[in-house]
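Just so you know, the sequence shown maps onto residues 1 to 722 in the UniProt record's numbering. Idealized CB from N, CA, C, for every residue including glycine. As the structure is a computational prediction, the values presented were derived from the model and not from experiment. Notes to accompany the following structure.
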Amino acid sequence: MFLTNATAVLSGSTVTSAGGTAISAVRGVASVGGSAVTLRNRSVVQGLLGGIAGNRFSKIDIQDSTVQGTGATSFGIRLLEGTLSASSSTITGGDNGLAVGTDTQVATVIPSTITLDGTRVEGVSGSAILVGINAPNFPTVANITVLNRSTLIGGNNTLLEVGPGASANLVVDNSDLVGNVEVVSGSSANVTLQNNATLAGNLQNVASATLNNRARLTGNIIGASAVVIDNASTLAGELQGVANTTIDNQSVLTGNISGAANSVSTLRLDNASILTGQVSDVSNFAISNQALWQMTASQSVNNLALANGGRVKMGEGQQYFQLNVANLSGSGTFEIGTDFNKGISDLLNVTGSAAGNHQLLVSSTGLDPVSDASIKVVQSVAGTAAYGLVNDKVDAGAFTYKLIKEGNDWYLQPDRDVVSTPTRSVLAIFGTAPTVIYGEMASLNNRMGDLRNNSGLTGGWVRSYGNRYSISNNAYGDGYSQNQYGLSMGVDTPIQLAGETVLLGVFAGYSKSDLDLKRGSSGEIDSTSIGVYGTWLGESGYYLDTVAKLNHFRNDAKVTMSDGTRTKGDYNNLGASASAEFGKHIEISGGYYAEVFTQWQGASVQGKEYTLDNGLRADADTTRSLLGKVGVTLGRGMTLADGSIVQPHVRAALANEFVKNNEVRVNDNKFNNDLSGGQFEVGAGVSWTLTDRWQMHAEVDTSKGENVSKDFGMNVGVHYQF
């Protein structure tokens, strides 16, 4: 079929040529318009030399059809300065699937426009697409868009070949391609992958390559003026001889980069993007906005500028690298690996000018160093650059390292005056058990008065409580906070003992304590308990309240170290405690009363040894506590019109922790968990006896101490007498 300035529409048709091209769409010599071919509904076009040939101004529209060149050197479609749109179709040539060229030698070349939507193009022995079939005498320009899971298959593993004197612009959108893009010297191609497009193959001698919107290239780019990897795109391969490279907006390049020869090559790594590989022959390297360069070998760069959290990670694992920088500027972070036992480290070596303010993030360890020698981490000839440590220290076993300057060089020096973050955490976990025990016991102790006043019948009770403690700074840390909440329940019954009425009971409970150890570290203590209690009130007003309790603790520590890495550890242990309060209940006129008392509480918590997963070992002796207090409670009982009784009260006490020595060993270094000191406590509450069987109560309290303070505490409960 031969069309001259004509239109052919084929639907469900078959056109075959046994000796030539099946359809030729041409124009008259003097014509400014061309021919048009439309295929629909599974039409089939086959020709020995080619399927369809379209000359200048031709328009070829293929939908759900097949075009095939059947000869060994045939084309599927040949397009000379025309337009091709193919959707849901197949185009196959014995040599090339698409062959693109120029109609005649004219002053102005019309670019051929090709849109492939869900279409398969295959060159059986050659390239899927060849641009420049009659160049260089006739320059060719082609704009090619590949959409929606289209495929390009080249028998020679080339999906796009750009011949002499030709140029091509290839956009791949939401399609997965396998094969190379090859451009001969003197020609050009701009390749764009976008919107989840993937390409497995190399780009050879392209003018530019752009990956955008989660695109992925697996292969090398060899020779390019510009490469842009943007918007969460990924390149796994090498860039060789690339003049300008940009990696932006959370994109990733894994591979080496070399700049173009005889040029001032640039590399920009920006906005949380990651480069893992070597860099060579790059004149200007800029890293900014939380972007990361992960080195894979020792390197030398010319001009390195860091800004807004730009990062360079040097060694990895047991590999230690040296970064030589001719000129350093800006402000950023260098992540440095160090072996404190062997005294070796990554090294930043500035051989020319050094300027800016930079941070060093040095890898932490749970093991103690065997030597106190300083370790060089920055070497500089001259300059005004200043360096500091991220988090102001490096955790190394039980203690830390600090950064010092000697001449123009910077060293890590052991600092035994500051303990490590894991050490602070294990000391806190070991020292928290007494506050857990006393927090569980406090509201029961404070409720004994109500139990004494209702001691005539057997009863049961349940209560919930919450406490927040602040443990102040001590010799080994900067303090922490503890949030505790729990639930207890029990039953009691009166008995006669030596002519006196004594109330005896049993109880069980659960509490959870969350520790905020600061700087991203935390702890958790789950406590289950059982106990017994008893209370006696004599006719003269004297009373004695006693409690004995056993605890099982499940302790868990999660530690964020100075380099931001996490370590954790856990252990279980047991505890025992007892409390005795002796005082006198004094009735005052008008329903008022006062109670003066002294209370003594003691606790003993099983020592334990455990290891964090970073290797830090912690071992505590038995933790002991002895807390004494004296205080007074003032209250009043009032009978309401409905017969119920409301009894508000206030309480104040002075307390003191007497135990000063609870030894903890961290990597065989001895520490003392000393939480001794005085406290002042105040509280207020109310009990409400609704009937002769039901009673409710609520209380809030707070305390201020030298080392331990209760920011607030509260408990509510209900008591029922059978």
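Return the bridge partner residues of Met638 from the DSSP annotation.
-> Residue mapping note: residue 638 aligns to position 638 of the sequence shown, counting from 1. Answer is Val646, bridged to Met638.
Taking all protein chains shown into account, decide if Gly388 is buried (16 or more other Cβ within 10 angstroms of its Cβ) or exposed.
-> Counting from 1 along the sequence shown, the entry for residue 388 is found at position 388. The residue in question, Gly388, is exposed, as its Cβ has fewer than 16 Cβ neighbours within 10 Å.
Looking at C-beta atoms only, is the number of pairs between the stretch 610-624 and the stretch 665-678 that lie closer than 8 Å three or more?
-> yes
So does the stretch 530-547 actually touch the stretch 354-364, counting three or more Cβ pairs closer than 8 Å?
-> no
Tell me Ile257's beta-bridge partners as DSSP assigns them.
-> Counted from its first residue, the sequence shown places residue 257 at position 257. For Ile257, which the question treats as bridged, DSSP gives the partners Leu239, Val279.
Which residue or residues does DSSP assign as beta-bridge partners of Arg566?
-> On the sequence shown, position 566 is the one that residue 566 refers to. Paired residue(s): Thr560.
When you compare only the Cα positions, how much space is there between Tyr485 and Ile530?
-> Here residue 485 corresponds to residue number 485 of the sequence shown, with the count starting at 1. Here residue 530 corresponds to residue number 530 of the sequence shown, with the count starting at 1. Each residue's alpha carbon lies about 17 Å from the other.
Hey, how far is the Cα of Asn212 from the Cα of Arg519?
-> The residue you call residue 212 lines up with position 212 of the sequence shown. The residue you call residue 519 lines up with position 519 of the sequence shown. Going by the C-alpha atoms only, they are around 37 Å apart.
Assigned secondary structure, Ile429 (DSSP; H/G/I helix, E/B strand, else coil) | Translated into positions along the sequence shown, residue 429 becomes position 429. Helix at Ile429.
Of the listed residues Gly163, Val131, Ile110, Gly76, nearest to Arg120 (C-alpha basis) = As a first step, residue 120 must be located in the sequence shown, where it is residue number 120. Cα-wise, what sits closest to Arg120 is Gly76.
One or two residues paired with Phe399 in a DSSP bridge | On the sequence shown, residue 399 is found 399 positions in, with the first residue counted as 1. Partner(s): Ala396, Val419.
Can you tell me whether Gly505 is buried or exposed, with buried defined as 16 or more other CB within 10 angstroms of its CB?
-> Within the sequence shown, numbered from 1, the residue matching residue 505 stands at position 505. Result: buried.
Among Asp176, Val191, Trp694, which one has its Cα closest to the Cα of residue 778?
-> Residue coverage of the chain in this structure runs from 1 to 722, which leaves residue 778 outside it and unanswerable.
Supposed contact pair Pro369 and Thr567 - C-beta distance, whole angstroms, cut 8 Å | One-based indexing of the sequence shown puts residue 567 at position 567. One-based indexing of the sequence shown puts residue 369 at position 369. About 17 Å separates the two Cβ atoms, so there is no contact after all.
Where Gly602 and Met489 are concerned, what is the direct C-alpha to C-alpha distance, given to the nearest angstrom?
-> Against the sequence shown, residue 602 aligns to sequence position 602. Against the sequence shown, residue 489 aligns to sequence position 489. In a straight line, the C-alpha of Gly602 is about 22 Å away from that of Met489.
How about the stretch 410-429 and the stretch 381-397: do they share at least three Cβ pairs that are nearer than 8 Å?
-> yes
With DSSP as the reference, label Val100 as helix, strand or coil.
-> For this step, residue 100 is matched to residue 100 along the sequence shown. In the structure shown, Val100 sits in a strand (DSSP, three-state: E or B).
In whole angstroms, what separates the C-alpha of Asp281 from that of Gly237?
-> Within the sequence shown, numbered from 1, the residue matching residue 281 stands at position 281. Within the sequence shown, numbered from 1, the residue matching residue 237 stands at position 237. About 17 Å.
Compute the beta-carbon to beta-carbon distance between Asn324 and Asn349, rounded to the nearest angstrom, for a pair I have assumed lies under 8 Å.
-> Position 324 of the sequence shown holds residue 324. Position 349 of the sequence shown holds residue 349. Yes, Asn324 and Asn349 are in contact; Cβ-Cβ is about 5 Å, under 8 Å.
Drop a sphere of 10 angstroms on the beta-carbon of Ala261, count the other beta-carbons inside from all chains shown, and report buried for 16 or more, exposed for fewer.
-> Start at 1 with the first residue of the sequence shown, and residue 261 comes out as number 261. With fewer than 16 Cβ atoms within 10 Å of its Cβ, Ala261 is classed as exposed.
Per DSSP, cross-strand counterpart(s) of Glu657 | Residue 657 sits at position 657 when you count from the first residue of the sequence shown. In the DSSP output, where bridge partners are listed per residue, Glu657 has Leu627, Gly677.
For Met441, which of helix, strand or coil comes out of DSSP?
-> As a working note, residue 441 is residue 441 in the sequence shown. The answer is helix: DSSP assigns Met441 an H, G or I state.
How about the stretch 510-527 and the stretch 554-569: do they share at least three Cβ pairs that are nearer than 8 Å?
-> yes
If you run the structure through DSSP and keep just helix, strand and coil, what is Arg665?
-> By one-based count along the sequence shown, residue 665 stands at place 665. Three-state result, Arg665: strand.
Would you check if the stretch 192-200 and the stretch 137-144 touch, i.e. whether three or more CB-CB distances between them fall below 8 Å?
-> no
May I have the straight-line CA-CA distance separating Met696 from Gly569, to the nearest angstrom?
-> In the sequence shown, residue 696 corresponds to position 696, counting from 1. In the sequence shown, residue 569 corresponds to position 569, counting from 1. Going by the C-alpha atoms only, they are around 41 Å apart.
Beta-carbon proximity check, Leu84 vs Thr115, cutoff 9 Å | As a first step, residue 84 is located in the sequence shown; it is residue number 84 there, counting from the start. As a first step, residue 115 is located in the sequence shown; it is residue number 115 there, counting from the start. Cβ distance < 9 Å, so Leu84 and Thr115 count as in contact.
Put Val312 into one of helix, strand or coil per three-state DSSP.
-> Numbered from its first residue, the sequence shown carries residue 312 at position 312. In the structure shown, Val312 sits in a strand (DSSP, three-state: E or B).
Which residues bound the beta strand (DSSP E) around Phe138?
-> Looking up residue 138 in the sequence shown gives position 138. No beta strand (DSSP E) holds Phe138; DSSP gives it neither H nor E.
Give, in chain order, every unbroken run of the beta strand (DSSP E) that is at least 3 residues long and sits entirely within the stretch 171-202.
-> 176-178, 180-183, 188-194, 198-200
Could you give the distance in angstroms between the alpha-carbon of Thr151 and the alpha-carbon of Gly118?
-> If you number the sequence shown from 1, residue 151 lands on position 151. If you number the sequence shown from 1, residue 118 lands on position 118. Looking at the two C-alpha atoms, the distance is approximately 8 Å.
Go ahead and label Phe712 buried or exposed: buried means 16 or more other beta carbons lie within 10 angstroms of its beta carbon, across all protein chains shown.
-> On the sequence shown, position 712 is the one that residue 712 refers to. Counting Cβ neighbours within 10 Å, Phe712 comes out exposed, since fewer than 16 surround it.
Local Cβ density within 10 Å of Ile222, reported as buried at 16 or more and exposed below that = Here residue 222 is taken as the residue at index 222 of the sequence shown, counted from 1. That one is buried.
Which residue or residues does DSSP assign as beta-bridge partners of Phe2?
-> As a working mapping, residue 2 is identified with position 2 in the sequence shown. Beta-bridge pairing links Phe2 to Ser24.
Indicate whether the contact test is met: 3 or more Cβ pairs, each with one atom in the stretch 639-650 and one in the stretch 604-615, closer than 8 Å.
-> no
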